[in-house]
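What the sequence shown shows, in the UniProt record's numbering, is residues 1 to 182, in sequence order. For each residue, glycine too, the CB sits at the ideal point set by N, CA and C. The structure under discussion appears below in the form of structure tokens.
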Amino acid sequence: MLITTGLMGGRGTVRLIAAKPTMDLLRFAGSFPLINNKWKPDTVYLYQFPRSPVLPNLSPFCLKVETFLRVNGIKYEVIGTFRKYRSSRGLLPFIELNGKRIEDSQVIIWELQKHFKLEDGLTGSERGTARALERMVDVSTFYAMLYDKSVINAPALMSRAVTGIPLPAFLSNWLAERFSET
Numbered sequence: 001m002l003i004t005t006g007l008m009g010g011r012g013t014v015r016l017i018a019a020k021p022t023m024d025l026l027r028f029a030g031s032f033p034l035i036n037n038k039w040k041p042d043t044v045y046l047y048q049f050p051r052s053p054v055l056p057n058l059s060p061f062c063l064k065v066e067t068f069l070r071v072n073g074i075k076y077e078v079i080g081t082f083r084k085y086r087s088s089r090g091l092l093p094f095i096e097l098n099g100k101r102i103e104d105s106q107v108i109i110w111e112l113q114k115h116f117k118l119e120d121g122l123t124g125s126e127r128g129t130a131r132a133l134e135r136m137v138d139v140s141t142f143y144a145m146l147y148d149k150s151v152i153n154a155p156a157l158m159s160r161a162v163t164g165i166p167l168p169a170f171l172s173n174w175l176a177e178r179f180s181e182t
């Protein structure tokens, strides 16, 4: 299902694409060869976009996983990558833990909770409410934030101060214009 809506007098569009079921994502976990064959037990190897000078990560999904690791005191190593390493679907983040690859930020968190026996202390009803809120933020709110970040504020997003990429100003402005036209 694809819904396209014109915004701002037809200058921009918002596209909502229905997500595939989570079980589809679980099917791919661990089915690709490991990148790090010399892994340490119970150390998470987090593959994500390189760090920004202003944030640990510009990707909300990468930031979510790294924040979870930090808050829970889980030992991890970040492998910053733009193109060299990707998940089976071509996305970031993904992790490797004890010789197993795990993809999709929410599946990563579920697997880490199981592996490290992290209890959330919620009742069944509270867990259902938390799950609904998670999905709303991951699926619905994300697209509103993405529009604001990438279309309305594209020049600021593409600047060297935010990305850390040493591009000349004229080139980052040109890229921002092209990025906001999509």
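So, is residue 101 buried or exposed, given that buried needs 16 or more other C-beta atoms within 10 angstroms? buried
Identify whether residue 162 lies in helix, strand or coil by the three-state DSSP scheme. In the structure shown, residue 162 sits in a helix (DSSP, three-state: H, G or I).
Under three-state DSSP, which class holds residue 78? strand
Contact the stretch 101 to 117 vs the stretch 62 to 78: 3+ CB pairs below 8 Å: yes
Can you tell me which of the three DSSP states residue 47 falls into? strand
Endpoints, the alpha helix (DSSP H) within which residue 146 is located: Per DSSP, residue 146 belongs to the alpha helix (DSSP H) from 142 to 147.
Using 10 angstroms around the beta-carbon of residue 47, count the other beta-carbons present and answer buried if the total reaches 16, otherwise exposed. Classification of residue 47: buried, given that the 10 Å Cβ count is 16 or more.
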